[in-house]
Amino acid sequence: MTLANRPLENKIALVTGGGSGIGQAIAERLTADGATVAVNTRSGAGQAVADAIGGSFYQADLASMDATRALGQRVLADLGRVDILVNNAGYNHIAPVDEFPEDIFVEMLQVMTVAPFQLVKQVLPGMKERGWGRIINIASTHAIVASPNKSAYAAAKHGIVGFTKSLALEVGELGITANAICPAFVRTPMTERQIAFQIQATGLTEDEVIRTLMVGPSATKRMIQPDEVAALTAYLASDAARSITGTAQLIDAGWTAS
Ligand code: NAP
């Protein structure tokens with residue numbers, strides 16, 4: 002294998018939420034590109050992915066500030082460093098604002114905005130010392146536009162993009178880049194759950210839910226596959242992307258073009 006085939010050789014990556022959907026595809030792709038990958042999930046689900054890719058598994062619930070801090074400490078103690086941090090863990094809760102549970106709103110901001118900040122804070126000193134680092138935050142098209150009943154999700158995802166931009170400006174001269182990726186609907190267990198919810202709530206068929214409620218506003222009229230997000234993540238992690246920083250990269254299938 003040449004460096005061109007394995008552009009992330011000798012890099013160590015941490016992928017949160019790496020046991021399913023987009024995170025699993027990212028863990029697999031970074032491994033294929035030569036990185037050693039630590040997989041985090043809330044449950045034990047990430048163990049099988051870590052075993053399959055020859056990586057290591059770290060169970061931690063990022064809804065807890067203490068558990069998130071401990072995760073960063075454990076990974077750094079075991080692996081010595083993190084060169085590529087992919088903040089991917091996340092979930093959605095759908096409810097109108099006046100019915101939205103306060104504790105779920107706060108938890109979503111913790112998992113998708115505060116936990117990424119905590120992990121960045123821990124890996125940044127080492128990245129600065131080595132003069133190389135990649136921080137990739139999996140946001141969403143809901144970081145750019147919004148939908149009704151997704152207030153906490155939109156708040157968390159808009160927030161992580163703002164954080165990403167500010168971070169990029171702080172570390173730009175030090176060989177460290179920070180970017181967000183903003184996909185529209187990707188076919189994963191998270192969206193399978195949303196499809197099932199909408200079928201029950203609306204009485205529409207699966208095909209009707211996907212066409213009218215999910216891919217309707219897009220140009221391509223198809224759901225995105227996790228490996229498409231993983232491919233952009235791998236590119237942003239590579240040396241070739243050294244001048245791409247502070248961006249919110251849309252993979253929105255043309256959603257926001259109109
Ligand atoms: P998914 O298949 O449900 O996977 C989510 C992953 O995040 C799982 O590994 C899960 O671990 C982990 N996770 C959730 N809450 C966690 C917590 N409190 N602590 C630690 N890990 C936690 O979802 P996905 O669709 O791949 O989504 C991945 C990311 O992409 C999310 O940030 C999501 O917002 C974003 N995104 C998704 C789409 C889409 O259409 N699918 C579009 C745009 C952006 P467990 O399995 O152990 O719970």
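Start counting the sequence shown at 2; every next residue gets the next number (our numbering). All C-beta atoms, glycine included, are put in the ideal place defined by N, C-alpha and C.
Item                                                                                                                                : Value
What did DSSP end up calling T17 once you bin it into helix, strand or coil?                                                        : strand
Does the ligand NAP have even one heavy atom less than 7 Å from the beta-carbon of M113?                                            : yes
Hey, is the region 150–159 in contact with the region 123–136, meaning 3+ C-beta pairs nearer than 8 Å?                             : no
Could you give the C-beta distance for N89 and I27, rounded to a whole number, given that I count them as a contact under 8 Å?      : 6 Å
Assuming contact is defined by CB atoms lying nearer than 8 Å, are R135 and D84 in contact in what I supplied?                      : yes
Give the single residue among F106, L237, I95 whose Cα lies nearest to the Cα of F198.                                              : I95
Taking its Cβ as the centre, do 16 or more other Cβ atoms sit within 10 Å of Q74, making it buried, or is it exposed?               : exposed
Which term fits E29, buried or exposed, when burial requires 16 or more other beta carbons within 10 angstroms of its beta carbon?  : buried
Is it the case that the CB of I145 approaches a heavy atom of the ligand NAP more closely than 7 Å?                                 : no
Measuring from the CB of I23, is there a heavy atom of the ligand NAP at a distance below 7 Å?                                      : yes
Go through its chain and collect everything with a Cβ distance to V162's Cβ below 7 Å, but skip five positions before and after it. : A140, A144, A181, A249
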